[in-house]
Every structure is written in structure tokens, then in C-alpha cells.
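The block underneath contains the structure these notes are about, expressed in C-alpha cells.
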Ligand SMILES: [Zn+2]
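In this note's numbering, the protein residues as written are -6 to 461.
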């Protein structure tokens, strides 16, 4: 008897072991990125141009703490992308928009936007991380450009010619073309097949980063719940449910080992409380008037009068979210338009024929360039600039400079002011940042005032600090 019992006991142990072995070996679902004929650089180029367009149209949240927090969560996730989908060319970045809708989206190359409404609706950091993981999965799998390629192949849309031409040719005003057709058509709305891929890869990324993938499933439930009636949040129409979403994510979660978590739950609670106290619409000048116009916030601005006060000898420091800080004369105001900031005195800036112009002051921005040496990148930038300023002429040779600790160039140009018809001097400073973008400062003053302004411009440039 006892022998039999022993035998049975060891038999059942054996059975258990055999069951346990396959569970332990069960592979997570394999994700295969769709075919994509475009280079990785093209994703970055198109995404970056679309991002500039987006930022002309969507107000960003002007709060450094919240921005930093979301960027930290995003960085953790991007580092956890499986090696086969890690593209060093990509530039994952995370910005919080000042919008209440529960939504987030990411553009090719990694430019990711999270609505404040998503953070407010999440019940923990894992739920927020889940949606970000889903978004960056679309990026890592290159769904945006794969979709462009597909549409081009089947000629499903007549209008695709513009974008496809831009993707292939890589020249011309891609952002403008995307703007006309709606960035959403190609980069934001995905098929159910791509959705499922992003869910599964998103679950893998979460587990690698130390988040429970079931938080993603829960967040989808929340989004679906709040989408009842009223058309539902944009997120649902951009990311259609492939069916059984909750169930298959939970199932996938069971196949994954969650890495050791490194999350302090208090941080999420604090950030959400902080958001609750932040009113909407603190987001500065950009896109108060919605999209459409090239420089929405200039509409209604008078033309520059050209009568300006002399630059104050006292300087104040201006900091642009995580990007740079600079000291400018106290009596200059800042004008934040899309992807650049202009500092100018009253009377020295305004709108002429729908374009923002300035006669006195300095503009700081970053420009996407194809060339990788400072000299060539600057040539490329100047060429692009001259396309919109036909009277611009080189007045000096390049001078070596230093800008925010980077090797830099400066050059003086002459131009004919659109406002006064008089000659103005334009000094341009450029430096290549580590991310490959060209940082530029354009300093402008009329010929007659130039001597005095030159000194001010030099102080401004010397004060500049850059993150990156
Ligand atoms: Zn999606």
C-alpha cells in the first residue's frame, strides 16, 4: 500500500514538473515589425517635421515638474524596448500638452505627446506608462512610415502623392504637405493589426521596465468607459480595439516576468495633485487661435513701428522648458511661436502680410539639418533661410565662436527690411547639438543702430546655456 502511495506521489510530482516546465518555457508572443522601405532617418525627419507642425497647433503644458516626470517615465520605457526594435537613430522625447482629453500620440522617430488629461485619468504610474509604452511601440515598429508605404503601394489615396514624394525625395516643405492633409491620416490612426502589435510589444516593454502590463489593460478599460456617448476620446478612434484587448493583454502579462520595479508611487500622486491645481490655458502664446494659420499667434499683431527703446542694461533670464536658458535685456519681451522664441522690444516686432517679423532683437531656435559638420549644416541652414529672404547677402566670412559650450560659427549678413525698406544687419550664430539639430541665434538690428546692438547680442550669446 505504502509503496503504491509513494509511487503515486512521485508520479504526480512528475506530472507537476512536466506541466511547470512548458509554462516556464512558453515564449512571449513574437512581434514582427511590418515591412518598411524607408530608412530610419526618414522616420526621424518626417516625425520631426510633423512635431513642429503639431506644436504650432497644440498648446504644451508650461510646467517643468510635470514635463520632467513624464520624460522620466518615457525614458525608462524607451530603454526597455527589446534590442531588435532599438533604433539608435530615433529620438524619443516626451511633451505634456495642456489638453484635458484622455489622449496621447507619438510621431515617427519618437516624438511623443501626452495630454494632461491622460495623467489625470490614470490611477497609478503603471497606467500612464502603459499608454506611453503602447505609443512608443508604434514608433519602434515604425507603423507610421509603414502606413505611408502601404497607402502608396495600393494608391488608396490620391493625395498620398505629396507625402510619398516628400518621403522619397526628402526635399521640399514636408511639414506643409502633412499639414494640408492632416498628420493624423498617416501617423496617428492605425489598423487593428498594428494596434495589437503595439499592445503586445507595449506589454513586453512594460515588463522589462518594471511595470505590470495589466496596468495597460486597466487603462484601456478606463478609456473605454469614459468614451461612452459624445463620440468618445480621440484615442479610441486613433487606436481601434482589435477585439478582446483586455483579455489578450492580461494573457500576455502571464507569460512575462516583470523586472524589479523602481517606482515610488508617491511621485505619481504628487504630480497628479499638482496638475489638479494647474488651470488649463497657462501655456503661453502658441496656438491660442487654433491651427491653420502659419503663425497663429501673430494674427492681430500690429506691424513693427520701428520706434523702439534702447535695450535695457539690466538683463533677465529666460528658460525654455528643458532646452535652454538665456539672459536678455529686461525691456525685451519673449514671443514663443512654434519651435522658436524671439526676444524683441515693443515696436520692434509684429506681423507683416501674415508673417511674423522683427526689426530689432534675437531669435533662438533649433533647426533640423541633414549635414553632420557644423560648417555644412550652417551652409544648409543659411541656404534655407535665404529662400524666404531673397535680399539677404553675406557680409562677412564665418567666424569661430563658442555657444553654450559648443563649438559655434557666426556670420554677418545684410538684408533689406520688409518693414522699413532699409538695410538691416543680421548676425547668425550656429552650433550643432548632440542630437544632430542645429541651434541658431538670429540677431537683427537696422544698419544705423547696429554698433550698439552688437554689444547686446554678444552678451546674450555669452549667457546662453543649452541642455544637449
Ligand atoms: Zn495604437
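C-beta: ideal position from N, C-alpha, C; glycine also.
When 218, 54 and 433 are compared, the shortest CA-CA separation from residue 397 is found for 433. Contact between residue 409 and residue 384 is confirmed by a C-beta separation of about 4 Å, below the 8 Å threshold.
C-alpha of residue 51 to C-alpha of residue 90: approximately 7 Å in a straight line.
Within a 10 Å sphere around the beta-carbon of residue 377 sit fewer than 16 other beta-carbons, which makes this residue exposed. For residue 450, the enclosing alpha helix (DSSP H) has its first and last residue at 443 to 456. Counting every other CB atom within 10 Å of its CB across the protein chains shown gives residue 303 a total below 16, marking it as exposed. Ligand 1 has a heavy atom closer than 8 Å to the beta-carbon of residue 187. Residue 313 carries a strand assignment under DSSP once its states are collapsed to helix, strand and coil. Taken in chain order, the whole beta strand (DSSP E) runs of length 3 or more contained in the region 336 to 385 are 342 to 345, 348 to 351 and 354 to 360. DSSP places residue 88 within a strand segment (E or B) once states are collapsed to three. Scanning 121, 204 and 411 for the CA closest to the CA of residue 342 turns up 411. With 16 or more neighbouring CB atoms inside 10 Å of its own CB, residue 45 falls in the buried class. Residue environment: residue 48 is assigned as buried (16 or more neighbouring CB atoms within 10 Å of its CB, all protein chains considered). Taking 8 Å as the cut-off, the C-beta of residue 260 does not count as close to any heavy atom of ligand 1.
Taking a contact as a CB-CB distance under 8 Å, the pair residue 86 and residue 105 counts as one, their CB atoms being some 7 Å apart. For residue 239, no beta strand (DSSP E) run applies; the uninterrupted alpha helix (DSSP H) run containing it begins and ends at 238 to 247, by DSSP. Between residue 431 and residue 391, the CB-CB gap reaches or exceeds 9 Å. Shown here for residue 204: same chain residues with a beta carbon closer than 6 Å to its own, the five before and five after excluded, namely 119 and 122 in chain order. Taking all protein chains shown into account, residue 206 has 16 or more neighbouring C-beta atoms within 10 Å of its C-beta and is therefore buried.
Pairing residue 337 with residue 351 gives a Cβ-Cβ distance under 9 Å. Residues of the same chain with a CB within less than 6 Å of the CB of residue 256, apart from the 5 flanking positions on each side, are 118 in chain order.
Nearest to residue 323 by C-alpha distance, out of 307, 260, 247 and 360, is 307. Between residue 83 and residue 103, the C-beta spacing is below 9 Å.
Only buried fits residue 211, as 16 or more other CB atoms lie within 10 angstroms of its CB. Residue 93 and residue 269 have their C-alpha atoms spaced approximately 11 Å apart.
In this structure, the CA atom of residue 197 is about 8 Å from the CA atom of residue 21. According to the DSSP assignment, residue 211 belongs to the alpha helix (DSSP H) that extends over 207 to 219. In the assembly as shown, residue 42 is a buried residue. Its beta-carbon has 16 or more other beta-carbons within 10 Å. Per DSSP, residue 418 is one residue of the beta strand (DSSP E) stretching across 416 to 425. Relative to ligand 1, residue 128 has its C-beta within less than 8 Å of a heavy atom. In this structure residue 253 is exposed. Its beta-carbon is surrounded by fewer than 16 other beta-carbon atoms within 10 angstroms. DSSP places residue 392 inside the beta strand (DSSP E), whose first and last residues are 392 to 396.
Spanning the alpha carbons of residue 136 and residue 101 requires a straight line of approximately 8 Å.
Shown here, residue 104 sits in a strand according to DSSP, grouped into three states. Burial check for residue 238: the Cβ neighbour count within 10 Å reaches 16 or more, so the residue is buried.
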